[in-house]
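Using the working numbering, read the sequence shown as starting at 122 and increasing by one per residue.
The next block holds one structure in the form of structure tokens; read it before the comments.
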Amino acid sequence: MSDWEEDDDTLACTVDPFRSPIEMKANSDPFALENEESKLKFGFSNLKVDDKRDNDVFAFGQSESTSSWECSLGRGRGSRAGRGRGNSSCYKCHEEGHLSRDCPKTERNAESYGFGGFDKGNGFKCGENGHLSRDCPQGDGKGARPKMGFNSKSESSNKGKDGGMEEPDVGPRLPHYIPEEIADEDLVDVGIEAGINFENYETIPVKVSGKGPIADPVSSFSDMNVREILIVNIQKARYKNPTPIQKYAVPILVDGRDIMACAQTGSGKTVAYLLPILDYILRKNCDSHAYETTVQPVALILAPTRELAVQIFYEAKKLVRGSILLCRVAYGGASSADQLKKMQVGCHLLVGTVGRLVDYMQRGFLCFSDIKFIVLDEADRMLDMGFLSEIKKIFGHSTMPPHGKRQMLMFSATFPAGVQNLAATFMDNYVFVVVGTVGGANVDVTQQILEVQAADKKNLLVQFIKDMHNSDEEAKILVFVEKKKMADFVGCYLCNHNVKATTIHGDRYQYQRELALSTFRDGTFPVLVATAVAARGLDIRGVRCVINYDLPRDIDEYVHRIGRTGRVGNAGFALSFFNPVEDTALSKDLVKILSNADQEVPDWLKESAERSSLPPDNFNTGVFDVRRERKNGRDYGSEANAGGRNWNSSYLGGPSPVVAAADDNEEWES
Numbered sequence: 122m123s124d125w126e127e128d129d130d131t132l133a134c135t136v137d138p139f140r141s142p143i144e145m146k147a148n149s150d151p152f153a154l155e156n157e158e159s160k161l162k163f164g165f166s167n168l169k170v171d172d173k174r175d176n177d178v179f180a181f182g183q184s185e186s187t188s189s190w191e192c193s194l195g196r197g198r199g200s201r202a203g204r205g206r207g208n209s210s211c212y213k214c215h216e217e218g219h220l221s222r223d224c225p226k227t228e229r230n231a232e233s234y235g236f237g238g239f240d241k242g243n244g245f246k247c248g249e250n251g252h253l254s255r256d257c258p259q260g261d262g263k264g265a266r267p268k269m270g271f272n273s274k275s276e277s278s279n280k281g282k283d284g285g286m287e288e289p290d291v292g293p294r295l296p297h298y299i300p301e302e303i304a305d306e307d308l309v310d311v312g313i314e315a316g317i318n319f320e321n322y323e324t325i326p327v328k329v330s331g332k333g334p335i336a337d338p339v340s341s342f343s344d345m346n347v348r349e350i351l352i353v354n355i356q357k358a359r360y361k362n363p364t365p366i367q368k369y370a371v372p373i374l375v376d377g378r379d380i381m382a383c384a385q386t387g388s389g390k391t392v393a394y395l396l397p398i399l400d401y402i403l404r405k406n407c408d409s410h411a412y413e414t415t416v417q418p419v420a421l422i423l424a425p426t427r428e429l430a431v432q433i434f435y436e437a438k439k440l441v442r443g444s445i446l447l448c449r450v451a452y453g454g455a456s457s458a459d460q461l462k463k464m465q466v467g468c469h470l471l472v473g474t475v476g477r478l479v480d481y482m483q484r485g486f487l488c489f490s491d492i493k494f495i496v497l498d499e500a501d502r503m504l505d506m507g508f509l510s511e512i513k514k515i516f517g518h519s520t521m522p523p524h525g526k527r528q529m530l531m532f533s534a535t536f537p538a539g540v541q542n543l544a545a546t547f548m549d550n551y552v553f554v555v556v557g558t559v560g561g562a563n564v565d566v567t568q569q570i571l572e573v574q575a576a577d578k579k580n581l582l583v584q585f586i587k588d589m590h591n592s593d594e595e596a597k598i599l600v601f602v603e604k605k606k607m608a609d610f611v612g613c614y615l616c617n618h619n620v621k622a623t624t625i626h627g628d629r630y631q632y633q634r635e636l637a638l639s640t641f642r643d644g645t646f647p648v649l650v651a652t653a654v655a656a657r658g659l660d661i662r663g664v665r666c667v668i669n670y671d672l673p674r675d676i677d678e679y680v681h682r683i684g685r686t687g688r689v690g691n692a693g694f695a696l697s698f699f700n701p702v703e704d705t706a707l708s709k710d711l712v713k714i715l716s717n718a719d720q721e722v723p724d725w726l727k728e729s730a731e732r733s734s735l736p737p738d739n740f741n742t743g744v745f746d747v748r749r750e751r752k753n754g755r756d757y758g759s760e761a762n763a764g765g766r767n768w769n770s771s772y773l774g775g776p777s778p779v780v781a782a783a784d785d786n787e788e789w790e791s
């Protein structure tokens with residue numbers, strides 16, 4: 122059905138070519154077709170139409186029409202496939218004396234009508250003469266549809282995989298998200314207070330190694346020789362005594378040395394590197410380059426996940442309250458323009474994820490000429506295969522100061538030997554500080570491993586959560602899974618069984634991720650189902666239990682996951698579901714971790730660990746046959762494959778599971 126509207130010299134017709142609406146208007150140049158709401162314009166006026174048919178179909182370039190409408194063009198008559206100009210000429214060849222449906226030139230004059238990209242006189246599919254496009258021997262049987270985008274004389278971005286005119290292969294536009302910052306007076310409530318086991322930190326052994334003189338540790342915050350305003354804010358944050366990593370790391374950094382530091386989860390590593398950095402900026406009265414186009418921070422802190430970057434940012438803001446020091450954060454998923462605008466107001470310390478920072482750098486909004494400190498938080502993860510190439514772009518930037526002109530700081534709870542070797546290439550005469558055991562689990566976390574078949578996991582999970590909430594209604598429980606889809610499945614399953622749960626993973630929008638964390642923190646949803654995005658660094662008050670619904674692929678990830686509870690001297694509990702079909706490759710490392718933390722090791726787990734140590738010909742349990750992979754010559758310890766992760770000999774002993782180079786379920790952040 123055609124709907125005609127006449128207004129002065131303009132006549133518009135809405136019809137349905139290609140099953141989408143088109144608006145036809147007069148007083149315009151050649152045809153123009155734009156997406157779905159397309160506009161077809163003719164170069165004539167005073168058009169009178171005699172609509173003689175219903176349910177018309179307007180077909181571009183067909184020599185035979187399925188139906189027709191007739192119109193007056195001056196004194197001539199025409200059809201929809203006939204005279205389309207202000208005279209009696211054929212709209213295909215622009216010659217007079219015949220209608221377009223009788224045009225002897227069968228090839229389309231596409232360029233004249235805005236389709237572009239086709240040679241005049243040639244078939245628009247193959248570019249050869251002698252046949253119609255619908256009869257093209259090289260056609261794909263999908264009709265006379267052009268292979269290029271509308272209004273284009275070259276290949277268009279909306280070209281489909283088969284050459285047809287399809288929608289561009291892009292996802293939905295991300296929502297414009299500007300996160301609301303926490304007020305300064307509320308920053309004190311962010312974080313976890315020291316627990317009853319905090320004093321036990323004094324008994325943890327500390328090892329320090331490095332060339333040249335090394336600064337001695339201190340015993341209190343007042344002995345750290347930092348600015349008074351920092352000490353005042355430390356007291357406001359209710360930090361009473363420094364942890365071992367803080368006692369050793371702060372004097373070393375104040376002394377100007379590079380550092381690689383390894384300490385258990387929840388032991389205060391963030392404050393350990395923030396204090397000397399903030400003290401330097403305040404002491405030197407560094408320029409913030411306020412209201413300049415290019416952001417030039419003094420300190421750059423790189424984090425593997427957006428949530429960790431935000432947490433570090435607020436920890437820094439907590440320590441600089443009442444000072445002129447400006448801290449900024451940049452991470453993906455939130456408004457890039459808004460973040461850049463705040464950074465351009467002034468920036469001394471910049472925290473961010475690698476992808477967003479590289480984007481600013483490549484667009485010329487970020488340079489490193491003033492850099493004095495670079496921090497890799499969760500350094501082993503930052504140097505992993507998903508980040509290494511981007512990290513090298515930052516260090517290779519033309520404005521990056523060389524070794525000796527800046528300090529390099531690396532902190533993590535796990536440092537495999539291969540990562541240590543790779544990290545050393547970024548540092549100069551560094552000091553290595555180890556609190557406790559490299560890669561060791563937090564001794565304040567009670568660990569329990571249950572042998573569970575895959576089909577029994579979800580029912581056991583519901584039962585355990587309900588039992589825990591019966592004894593403590595406010596207990597927060599963090600459930601880890603390996604895959605994003607599994608996170609949504611488990612979250613829905615819990616909700617269907619009357620358990621208040623929310624989810625966080627890399628496929629959710631950033632505002633959804635931050636909302637999930639916020640509602641988990643305030644207890645609205647006491648259960649959070651998460652993937653690797655929540656495995657590292659996050660401080661969430663009141664997390665009583667961590668459940669590994671799916672065990673991770675390597676032991677380092679396990680250590681970080683269970684470290685979300687039992688932080689800063691508080692007691693915690695970690696429950697893990699061990700699937701003998703999938704998790705056998707991890708059993709030997711689990712035995713080592715449990716033994717070093719003085720935890721009970723089940724007999725069945727010891728037997729599984731023994732089976733995992735069988736010769737290569739008999740090593741056929743579990744999903745991953747790591748020994749056979751090594752036998753076939755795959756080197757998972759190389760920088761290109763694993764970012765230096767020591768796959769050839771796991772640091773804690775036993776085979777490690779094979780990790781694919783680019784798994785869709787990995788949580789790489791931007």
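Quick reminder that beta carbons are idealized off the backbone N, C-alpha and C, glycines included.
- Non-local beta-carbon contacts of L497 in its own chain, meaning distances under 6 angstroms to residues more than five positions away in sequence, involve L423, M503, M531 in chain order.
- Contact between V472 and I433 holds: CB atoms are separated by about 5 angstroms, below the 8 angstroms threshold.
- For R634, no pairing in a beta bridge is given by DSSP.
- Per DSSP, the beta bridge partners of T624 are V650.
- In this structure, Q385 is the residue among T640, E603, Q385, E249 with its C-alpha nearest to the C-alpha of R685.
- CA-to-CA, the gap between L599 and K526 works out to about 42 angstroms.
- Under the DSSP definition of a beta bridge, N669 partners with F601, S697.
- Judged by DSSP secondary structure, M531 falls within the beta strand (DSSP E) whose first and last residues are 528-533.
- In this structure, the CA atom of L487 is about 10 angstroms from the CA atom of M464.
- Taking one beta carbon from each stretch, the stretch 627-638 and the stretch 691-698 have fewer than 3 pairs nearer than 8 angstroms; the two do not touch.
- It is roughly 33 angstroms from the alpha-carbon of M607 to the alpha-carbon of T558.
- V573 sits in coil when the DSSP states are folded into three classes, being neither helix nor strand.
- The stretch 359-374 makes contact with the stretch 336-345; the number of CB pairs closer than 8 angstroms reaches 3 or more.
- Residue ranges of uninterrupted alpha helix (DSSP H) with 4 or more members, entirely inside the stretch 368-433 and ordered along the chain, are 390-405.
- Counting other Cβ atoms within 10 Å of its Cβ, E436 reaches 16 or more and is therefore classed as buried.
- Scanning the stretch 459-517 from its first residue to its last, the whole beta strand (DSSP E) runs of 3-plus residues come out as 470-474, 494-498.
- For the pair K493 and N617, the Cα-to-Cα distance works out to about 52 angstroms.
- No residue range can be given for K361, since it is assigned to no alpha helix (DSSP H) and is classified by DSSP as neither H nor E.
- For the set N717, E731, S388, the Cα lying nearest the Cα of D660 is the one of S388.
- Cβ neighbours of N550 within its own chain (closer than 8 angstroms, five residues either side excluded): G331, K332, G333, R378, D379.
- Per DSSP, A730 is one residue of the alpha helix (DSSP H) stretching across 724-732.
- Setting aside the 5 residues that flank it on each side, V722 is surrounded in the same chain by V712, L715, S716, each with a C-beta closer than 7 angstroms to its C-beta; the list follows chain order.
- The beta carbons of S733 and A706 sit about 6 angstroms from each other, so the pair counts as a contact at 8 angstroms.
- Taking a contact to require three or more Cβ pairs closer than 8 angstroms, the stretch 394-409 and the stretch 342-355 qualify as touching.
- Restricting attention to V450, P425, Q417, the CA atom closest to the CA of G485 is found in Q417.
- Following the DSSP letters along the chain, one finds A451 inside the beta strand (DSSP E) bounded by residues 448-451.
- Between I683 and A562 a beta carbon distance of about 6 angstroms is seen, short of the 8 angstroms cut, so the two are scored as contacting.
- For Q460, the closest C-alpha among the options V664, Q528, V450 is that of V450.
- Around A730, the same chain offers S708, K709, V712 as residues with beta carbons nearer than 6 angstroms, after the five sequence neighbours per side are excluded.
- Shown here, K213 sits in coil according to DSSP, grouped into three states, outside any helix or strand.
- In terms of CA proximity to A455, R294 leads the group F610, R294, V611, V540.
- Beta-bridge analysis with DSSP links S330 to F553.
- T686 carries a coil assignment under DSSP once its states are collapsed to helix, strand and coil.
- Excluding five sequence positions before and after H524, the CB atoms of its chain that fall closer than 6 angstroms to its own CB belong to D549, given in chain order.
- At least 7 angstroms separates the beta-carbon of P425 from that of E511.
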